[in-house]
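A.B. asks:
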Amino acid sequence: MRSVPEAALRAVLALAAGAVARAAADPGSPPTPAAAAHAFLERLADEVGPRLTGSPGNAAALDRLEAELRALGLAPERQPFTAPGWIRGDDQVEVLAPFARRLRVAALGFSQAHPALTGELVDIGLGRPGDYPPGELRGRVGLLASGSPLPAADYVGAAAARGLAAILFINREGGGQLLARTGSPAGQPLPLPVYSIAQEEGRWLGRLVARGVPVRLRVETRSRCVPVATANLRVVLPGRVPSRVIVGAHLDSWDLGQGALDNGIGVAQLLALARALAGAPRHHAVELVWFNGEEQGLQGSRHAAARLGATPVVAMLNLDMIGVPVAVNALGDDAFVPFLERWNAARAPERRLPKGVENTNWIGSDHTPYQLAGVRALTFNAPLPREAVRHYHDLADTVDKVTPQLLEESSAVILDLVRALADEAGLDPARRPPAETDALFTRFGLDARLRAFGLK
Ligand SMILES: [Zn+2]
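Okay, so the sequence shown: first residue is 568 according to the numbering used here, each after it adds one.
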């Protein structure tokens, strides 16, 4: 999966396993920051449950994290904000004909409650205008294939314009899996309910429609949009100068599983950083921020980035579903590449990131609002194991998939980069001029995505 030479990989794994074994063998030795953070994540996932923004689990997670940071002698502060939110209800989608069967479904976020409706299924392919069959479609339920190239707002808009009553969207992963996610990254209530359905059930319904067998459905949506009052949580570790390195990870999750991979792992990596960096000031201050509302459309990072004011920031590093890094990504900001090249080159040969420095911008997590505020942002290319990550946003995103070794190895690389950033006096905290920021998105063809998030 990774292009790390086999022997180097085995050596790293043996080292990490050895460290874990030693920590376990000697009850007198304190746990490493990553081991302690892993233990915290396990308790958080198992005892608090999923952390959908605005839910009791989310509030309990904030409390626990705050208490954990205080116990470390730190002074976390909440950054409260209100944002568009969404509560999942007991939604029901049933096949009435050719025979009765309730489907496994997960409404997409911002689907709105409505009285029960019945309608006949129609295949709408990938949801592009040319994919719709001719004839009257008003009141019908659209079956959307997986892999639509359109942003949700576009296929939802096209379906609403034709009078469709609901959309059933076939999952890209098989095995009965569902995919919770937002139907509107801009946080707007959807004009019609959209449901993720299992790939196998979707294909079955598709075969019936293709053979001309009428499929009647009953859809009742009880989920609803409600504004939520929530907060980010942050800790500032003072430096010798006021400028700061910001490291962020979103605390919130979807509600079907435990949100361990997305993004409990980032929550724990940030906690490991807090433990490793506390009490040892670097040149720049280090701000650690646990964002809320990321899954509903980057709500917490929008709020935080909008309130940066004149704070000098040398870099923002976003940790969202980070496994062991194979590359660090300057996100299209050429000015950052030489520093990152030097950092990687200075690492011991067997620890160098095998893919080095990448420089490709992308949208969809909490770095974007900071970039738009002119801050230089970074992410890692750090794939999680395929067998684990395929379950993200669903029931099986559970803490058993985040091993102590994974947290130990990934945290070591993250800590090394954060220390390097925080110790580099030469990094420029000036904001990028707006024209340069615009170019950062235009150059990578991201303007439509920015608009879908309501960020442009
Ligand atoms: Zn995430």
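Built from N, CA and C at the ideal position, the CB exists for glycine as well. It should be emphasised that the depicted structure is a prediction, and the values quoted were computed from it without experimental measurement.
#1: Go ahead and label D822 buried or exposed: buried means 16 or more other beta carbons lie within 10 angstroms of its beta carbon, across all protein chains shown.
#2: If you count every other CB in all the chains shown that lies within 10 Å of the CB of V1035, and 16 or more means buried, which is it?
#3: From the DSSP output, read off the bridge partner residues of I734.
#4: Give a single yes or no on whether G860 has its beta carbon closer than 8 Å to a heavy atom of ligand 1.
#5: Does ligand 1 have even one heavy atom less than 8 Å from the beta-carbon of M888?
#6: Mind pulling the beta strand (DSSP E) runs of 3 or more residues that sit fully within the stretch 931-992?
#7: Measuring CA to CA, which of L1022, V708, A845 is closest to P643?
#8: Could you say if the stretch 787-794 and the stretch 676-690 meet the contact criterion of at least three C-beta pairs nearer than 8 Å?
#9: When DSSP labels each residue in this structure, what does E703 get in the three-state scheme?
#10: Do V689 and V761 have their C-beta atoms within less than 9 Å of each other?
#11: Excluding the 5 residues preceding and the 5 following R589 in the sequence, name in chain order all residues of the same chain whose CB lies nearer than 8 Å to its CB.
#12: I want to know whether the stretch 843-858 touches the stretch 989-1008 - three or more CB-CB distances under 8 Å.
#13: Is any non-hydrogen atom of ligand 2 found closer than 8 Å to the C-beta of H817, if you look at the structure I gave you?
#14: Can you give me the Cβ contacts of L746 inside the same chain, cut-off strictly under 6 Å, excluding the 5 residues immediately before and after it?
#15: Taking the alpha carbon of L840 as the point to measure from, which residue in A894, E975, T935, S713 has its own alpha carbon closest?
#16: Looking at ligand 1, does it come within less than 8 Å of S977, judged from the CB to the closest heavy atom?
#17: In the DSSP assignment, what residue or residues form a beta bridge with G815?
#18: Does the separation of the CB atoms of S820 and E854 fall below 9 Å?
#19: I654 by DSSP, collapsed to three states: which one?
#20: Pull the bridge partners of R631 from the DSSP assignment, please.
#21: Rounding to the nearest angstrom, what Cα-Cα distance links F1008 and N625 in this structure?
#22: Residues in its own chain within less than 8 Å of P665 by CB, not counting five upstream and five downstream?
#23: For H681, report the span of its beta strand (DSSP E) as first-last.
#24: State yes or no: is the C-beta of S932 nearer than 8 Å to some heavy atom of ligand 1?
#25: Expressed to the nearest angstrom, what Euclidean distance is found between the alpha-carbon atoms of D1014 and L800?
#26: Would you kindly check if the distance between the Cβ of V880 and the Cβ of V812 is under 9 Å?
#27: What does a CB cutoff of less than 8 Å around P685 pick up in its chain, not counting 5 residues either side in sequence?
#28: Just to confirm, does D829 get its C-beta within under 8 Å of one of the non-hydrogen atoms of ligand 1?
#29: How many angstroms separate the CA atom of N510 from the CA atom of I654?
#30: Per DSSP, which one or two residues make a beta bridge with Q659?
#31: Looking at the structure shown, is L576 part of a helix, part of a strand, or coil, going by DSSP?
#32: Taking the alpha helix (DSSP H) that V776 falls in, what are its first and last residues?
#33: Evaluate contact between the stretch 892-908 and the stretch 941-952, counting only Cβ atoms and requiring at least three cross-stretch pairs below 8 Å.
#34: Starting from the C-beta of A743, find all residues in its chain whose C-beta is less than 7 Å away, skip the five residues before and the five after it, and write them out in chain order.
#35: Once DSSP output is grouped into helix, strand and coil, what is the label at G676?
#36: Would a C-beta distance cut-off of 9 Å place R705 and G730 closer than the cut-off?
C.D. replies: From the atom records:
#1: If you number the sequence shown from 1, residue 822 lands on position 255. D822 is buried by the Cβ-count criterion.
#2: This structure leaves residue 1035 out entirely; the chain is present only between 568 and 1023.
#3: Taking the sequence shown and counting its residues from 1, one reaches residue 734 at position 167. Beta-bridge pairing links I734 to G709, V761.
#4: Indexing the sequence shown from 1 puts residue 860 at position 293. For ligand 1, not one heavy atom lies less than 8 Å from the Cβ of G860.
#5: Taking the first residue of the sequence shown as 1, we reach residue 888 at position 321. Because some heavy atom of ligand 1 lies under 8 Å away, the Cβ of M888 counts as near it: yes.
#6: 944-948
#7: If you number the sequence shown from 1, residue 643 lands on position 76. Of L1022, V708, A845, the residue nearest in Cα terms is A845.
#8: yes
#9: Position 136 of the sequence shown, counted from the first residue, corresponds to residue 703. DSSP places E703 in coil when its eight states are reduced to three.
#10: For the purposes of this step, residue 689 is taken as residue 122 along the sequence shown, with counting starting at 1. For the purposes of this step, residue 761 is taken as residue 194 along the sequence shown, with counting starting at 1. The answer is no: Cβ separation not under 9 Å.
#11: Locating residue 589 in the sequence shown gives position 22, where the first residue counts as 1. Low confidence applies here, because R589 scores a pLDDT of 47, under 50, leaving its location unreliable; read the following figure in that light. Answer for R589: S596, listed in chain order.
#12: yes
#13: This structure lacks ligand 2; the ligands present are ligand 1.
#14: What you label residue 746 is simply residue 179 of the sequence shown in a count that begins at 1. Hits under 6 Å: N738, S763, H960.
#15: Taking the first residue of the sequence shown as position 1, residue 840 is located at position 273. Here the closest residue by C-alpha is E975.
#16: Translated into positions along the sequence shown, residue 977 becomes position 410. Because no heavy atom of ligand 1 lies under 8 Å away, the Cβ of S977 does not count as near it: no.
#17: Position 248 of the sequence shown, counted from the first residue, corresponds to residue 815. Answer is V856, N885, bridged to G815.
#18: For the purposes of this step, residue 820 is taken as residue 253 along the sequence shown, with counting starting at 1. For the purposes of this step, residue 854 is taken as residue 287 along the sequence shown, with counting starting at 1. No, the pair does not count as a contact, with Cβ atoms beyond the cut-off.
#19: Counting from one through the sequence shown, the residue named residue 654 turns up at place 87. Here I654 sits in strand by DSSP.
#20: Here residue 631 corresponds to residue number 64 of the sequence shown, with the count starting at 1. R631 pairs with nothing; no bridge assigned.
#21: Along the sequence shown, read from residue 1 onward, the residue named residue 1008 stands at position 441. Along the sequence shown, read from residue 1 onward, the residue named residue 625 stands at position 58. F1008 and N625: Cα-Cα distance of roughly 32 Å.
#22: The residue labelled residue 665 in the question sits at position 98 within the sequence shown. Within the same chain, P665 has close Cβ partners L775, V780, P781, V782.
#23: Against the sequence shown, residue 681 aligns to sequence position 114. That run of the beta strand (DSSP E) goes 681-690.
#24: Counting from 1 along the sequence shown, the entry for residue 932 is found at position 365. Yes, Cβ of S932 sits closer than 8 Å to a heavy atom of ligand 1.
#25: Sequence index remark: in the sequence shown, residue 1014 carries index 447 (1-based). Sequence index remark: in the sequence shown, residue 800 carries index 233 (1-based). Approximately 30 Å between the Cα atoms of the pair.
#26: To locate residue 812, count along the sequence shown from 1; it is residue 245. To locate residue 880, count along the sequence shown from 1; it is residue 313. In contact: V812 and V880 (Cβ atoms closer than 9 Å).
#27: The residue you call residue 685 lines up with position 118 of the sequence shown. Per the sequence presented here, residue 685 reads as Thr, with Pro not at that position. Counting only Cβ-Cβ distances below 8 Å, and skipping sequence neighbours, we find L663, R783, L784, R785, V786.
#28: In the sequence shown, the residue the question calls residue 829 occupies position 262. Yes, ligand 1 has a heavy atom inside 8 Å of this Cβ.
#29: Nothing in the structure corresponds to residue 510, since the chain is present only between 568 and 1023.
#30: Translated into the one-based positions of the sequence shown, residue 659 becomes position 92. Answer is E787.
#31: On the sequence shown, position 9 is the one that residue 576 refers to. Confidence is the limiting factor: at L576 the pLDDT is only 44, short of 50, which leaves the residue's position unreliable, though a coordinate-based value still follows. Helix at L576.
#32: The count along the sequence shown starts at 1 and reaches residue 776 at position 209. Here the alpha helix (DSSP H) through V776 covers 766-777.
#33: yes
#34: In the sequence shown, the residue the question calls residue 743 occupies position 176. Checking the displayed sequence, the identity of residue 743 turns out to be Gly instead of Ala. R671, A765, E767.
#35: In the sequence shown, counting from the first residue as 1, residue 676 sits at position 109. Strand at G676.
#36: As a first step, residue 705 must be located in the sequence shown, where it is residue number 138. As a first step, residue 730 must be located in the sequence shown, where it is residue number 163. The answer is yes: Cβ separation under 9 Å.
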